[in-house]
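There are 2 protein chains.
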Amino acid sequence: MSEGSVIVLSGGVGGAKLAEGFAQVVSPERLTIVVNTGDDFEHLGLHVSPDLDSVAYMLAGVSDAQRGWGRSGETWECLEVMKQLGGDSWFRLGDRDLGVHLVRTQALARGASLSAATEQICCGLGIRHRVVPMSDRPIRTMIESDTGTLSFQDYFVRYQCRPVVKRCRYICLEGDPEPSHAFREALAAPGLKAIIIAPSNPILSIGPILAMNGVLAAIRSTCVPVLAVSPLIGGDAVKGPAAKILDELGIGRSATALWDHYQILDHLLVARTDVPNGEQARTGILAADIMMRDKAERKRVALRCLEILRLERDD
Amino acid sequence: MSEGSVIVLSGGVGGAKLAEGFAQVVSPERLTIVVNTGDDFEHLGLHVSPDLDSVAYMLAGVSDAQRGWGRSGETWECLEVMKQLGGDSWFRLGDRDLGVHLVRTQALARGASLSAATEQICCGLGIRHRVVPMSDRPIRTMIESDTGTLSFQDYFVRYQCRPVVKRCRYICLEGDPEPSHAFREALAAPGLKAIIIAPSNPILSIGPILAMNGVLAAIRSTCVPVLAVSPLIGGDAVKGPAAKILDELGIGRSATALWDHYQILDHLLVARTDVPNGEQARTGILAADIMMRDKAERKRVALRCLEILRLERDD
Chain Y
1 MSEGSVIVLS GGVGGAKLAE GFAQVVSPER LTIVVNTGDD FEHLGLHVSP
51 DLDSVAYMLA GVSDAQRGWG RSGETWECLE VMKQLGGDSW FRLGDRDLGV
101 HLVRTQALAR GASLSAATEQ ICCGLGIRHR VVPMSDRPIR TMIESDTGTL
151 SFQDYFVRYQ CRPVVKRCRY ICLEGDPEPS HAFREALAAP GLKAIIIAPS
201 NPILSIGPIL AMNGVLAAIR STCVPVLAVS PLIGGDAVKG PAAKILDELG
251 IGRSATALWD HYQILDHLLV ARTDVPNGEQ ARTGILAADI MMRDKAERKR
301 VALRCLEILR LERDD
Chain Z
316 MSEGSVIVLS GGVGGAKLAE GFAQVVSPER LTIVVNTGDD FEHLGLHVSP
366 DLDSVAYMLA GVSDAQRGWG RSGETWECLE VMKQLGGDSW FRLGDRDLGV
416 HLVRTQALAR GASLSAATEQ ICCGLGIRHR VVPMSDRPIR TMIESDTGTL
466 SFQDYFVRYQ CRPVVKRCRY ICLEGDPEPS HAFREALAAP GLKAIIIAPS
516 NPILSIGPIL AMNGVLAAIR STCVPVLAVS PLIGGDAVKG PAAKILDELG
566 IGRSATALWD HYQILDHLLV ARTDVPNGEQ ARTGILAADI MMRDKAERKR
616 VALRCLEILR LERDD
């Protein structure tokens, strides 16, 4: 990677927004977006990578802003037929989405890595920035809850995040949970200047990335500043169960709680409402307007990050 | 099956038309439609059964009359994405079609037989007549040609039927090529009164059915009349490579040639232009208007068959 490069660690929708903001202001050779694959699963024989797709769709400008997930202009012909025939229709599979899943599944079946399949998909979608899976190994987030141990999709889609989370585990189904080659390469790049933790769920989306073998140590040994953007605004998640899970695990949902949870932060960008006062204050916790409702707001938050990190913008 | 029951042996489009004609005039308890599965194949991990789908769509009234295959109102969103991403797009996979393939593939993955999966799909499509695969075993038609040995889809889609066919073989990938339980049951039913060979390709569609272990012997031992409707009009196929293949294999494309090829016929219904004269004449070869352009024409041909067989109509 070039001088002044950055890594963005991202989950799905919230992280995808900041990743897209960075893609607006940082040139492709300076940016690596590392995406959680702990939510990946097999559905009807297809390899589904929800977070990789969210990031790819956001960067390609084809994500559905109103629905908050999936592709714009999506159609549901296949799913309608499956419903009619009594097939498995709990997972909302769009026709365009299916095309991506089929291409990925076929690439993997031919022996390609998830990284290579992701590159093929992103290239086809016209994305110039590097989007890489956190790992080429099958790592799966398992949620120990009051309803038993659940896969991410069971927790998220079937149970709609209702079970009380007791613990999350990131299980590697084959071998050790190693980061992907591209992730390791980005961490080792001499030009690396910062690592950004996007506003994704700290437990379900960022957790699996940081839990892989050697990742925390590698981040620390880069000696570059680590900046997180809070996924909470007014102590609540913009979308998804982050606040509920942080409560259930006893971590709490304050800025200080996030700071302490991550352990590796130099900067934490939080909403103005969430800046701690008094003895809770930390010098690295900074306030900004971090809501990202559209392209301009995504760019603004990314620029604020670059400013804090004293990094140049390319736009 | 009830008294006066009939079996229709069918391939894809042409056979599906006559099968639908019979479904118009024969009640569900009297009719078993046995469908070729020699063209079945795995595509992108999906189990595709082209002839079963053609018959099901025709009976459900959702086949595309203009295109001549697939579903009416089909959309192609998934395929468009696959093309954009450099995926395998040689096989024209519609979104609605995909729903059927996914439901079938999932049923098979759960251990259901192809017969059970077909029943689920036909039931979901609102079909009341019995549509059964010729076999629950994976039988595949292999075409030995001047271009080498080709699978049916390679011959039909990739090479567009251009190679010269030297021989067709029907390979069973697991165990022996046994007819399905429902097919055997229909052949053994005491009420069986006739077996109809639909106007499908004699080599590629009817060939695999008759070549299975014990089928010819079982048909002969029923002692019921066997009636075929010719797939040729004016010595040419209405659709598909039947005439070309009959030539290439040295069988010929006359009514007499078909009669001699099948060996088990009591009646052969041919177009008025195709009735043999002079020494070629056979008493069982009868003329009729066998073109089936619409629902009324399909009914008319089925009624003509019932008349020849002296069987009652239920409509």
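Line order of the protein sequences matches chains Y and Z. For the first sequence, position 24 matches number 24 in my numbering, and the numbering has no gaps at all. For the second sequence, position 313 matches number 628 in my numbering, and the numbering has no gaps at all. Yeah, the Cβ is synthetic: ideal placement off N, Cα and C, and Gly gets one too.
Given that residue i touches chain Z, what residues does it touch there, using C-beta distances under 7 Å?
i     : result
M82/Y : G414, L417 and V418
Looking at the C-beta of residue i, does it have a partner C-beta in chain Y at a distance below 8 Å?
i      : result
D368/Z : no
E392/Z : yes
D379/Z : no
R411/Z : yes
G385/Z : no
Indicate whether at least one CB of chain Z lies closer than 8 Å to the CB of residue i.
i      : result
A109/Y : yes
G284/Y : no
At the level of alpha carbons, what is the spacing between residue i and residue j?
i      : j      : result
R345/Z : A424/Z : 32 Å
R137/Y : E174/Y : 7 Å
K299/Y : R184/Y : 27 Å
D332/Y : L246/Y : Past the boundaries of the shown model lies residue 332/Y; chain Y is included only from 1 to 315, so the question cannot be answered.
H619/Z : V553/Z : Note that residue 619/Z corresponds to Arg in the displayed sequence, not to His. For R619/Z and V553/Z, the distance between alpha carbons rounds to 19 Å.
R67/Y  : M292/Y : 15 Å
V323/Z : E563/Z : 27 Å
V321/Z : G330/Z : 15 Å
I524/Z : T571/Z : 21 Å
A186/Y : T32/Y  : 7 Å
V13/Y  : V544/Z : 59 Å
D146/Y : A56/Y  : 34 Å
G148/Y : V215/Y : 29 Å
D412/Z : V585/Z : 33 Å
G11/Y  : E392/Z : 26 Å
L394/Z : L59/Y  : 22 Å
R313/Y : A296/Y : 15 Å
I436/Z : L367/Z : 10 Å
W405/Z : M397/Z : 10 Å
S342/Z : E318/Z : 11 Å
P180/Y : S72/Y  : Per the sequence shown, the amino acid found at residue 180/Y is Ser instead of Pro. Between S180/Y and S72/Y, the C-alpha separation is close to 30 Å.
Name, please, each residue of chain Z whose Cβ falls closer than 8 Å to the Cβ of residue i.
i      : result
Q106/Y : L359, G360, G402 and D403
So which residues on chain Z does residue i lean against when the C-beta distance must stay under 9 Å?
i      : result
Q120/Y : L400, G401 and G402
Along chain Y, in chain order, which residues have C-beta atoms closer than 7 Å to that of residue i?
i      : result
G439/Z : Q84, L85 and G86
Sequence ranges, beta strand (DSSP E) only - wholly within the region 182-236 of chain Y, length at least 3: Qualifying beta strand (DSSP E) stretches, in chain order: 192-197 and 226-229.
Take every Cβ of the region 8-27 of chain Y, pair it with every Cβ of the region 108-122 of chain Y, and state whether three or more of those distances are shorter than 8 Å. In this structure the region 8-27 of chain Y does not touch the region 108-122 of chain Y; the number of beta carbon pairs closer than 8 Å is below three.
Give a yes or no on contact between the region 533-552 of chain Z and the region 375-383 of chain Z, applying the rule of three or more CB pairs nearer than 8 Å. The region 533-552 of chain Z makes no contact with the region 375-383 of chain Z: fewer than 3 CB pairs, one atom from each, lie closer than 8 Å.
Every unbroken beta strand (DSSP E) inside the region 69-110 of chain Y [3 residues or more]: Correct list: empty.
Where are the beta strand (DSSP E) runs, 3 residues long or more, that stay fully inside the region 323-365 of chain Z, in chain order? Along the length of the region 323-365 of chain Z, whole beta strand (DSSP E) runs at least 3 residues long occupy 346-350, 356-358 and 361-363, reported in chain order.
Taking 8 Å as the threshold, find out whether the region 150-160 of chain Y comes into contact with the region 27-45 of chain Y through three or more Cβ pairs. Contact holds: three or more Cβ-Cβ distances are below 8 Å.
Could I get the ranges of all uninterrupted alpha helix (DSSP H) runs contained in the region 108-183 of chain Y, with 4 residues as the minimum, in chain order? If we require 4 residues or more, the alpha helix (DSSP H) runs fully inside the region 108-183 of chain Y come out as 114-124.
At a cut of 8 Å, does the region 153-168 of chain Y reach the region 117-134 of chain Y through at least three beta carbon pairs? Three or more beta-carbon pairs separated by less than 8 Å are not found between the region 153-168 of chain Y and the region 117-134 of chain Y, which leaves the two stretches without contact.
Is it a yes or a no for the region 191-211 of chain Y touching the region 273-284 of chain Y, going by three-plus beta-carbon pairs under 8 Å? Flag = no, the region 191-211 of chain Y and the region 273-284 of chain Y do not touch.
What are the complete beta strand (DSSP E) segments, minimum 3 residues, inside the region 241-295 of chain Y? Listed in chain order, they are 267-271 and 285-288.
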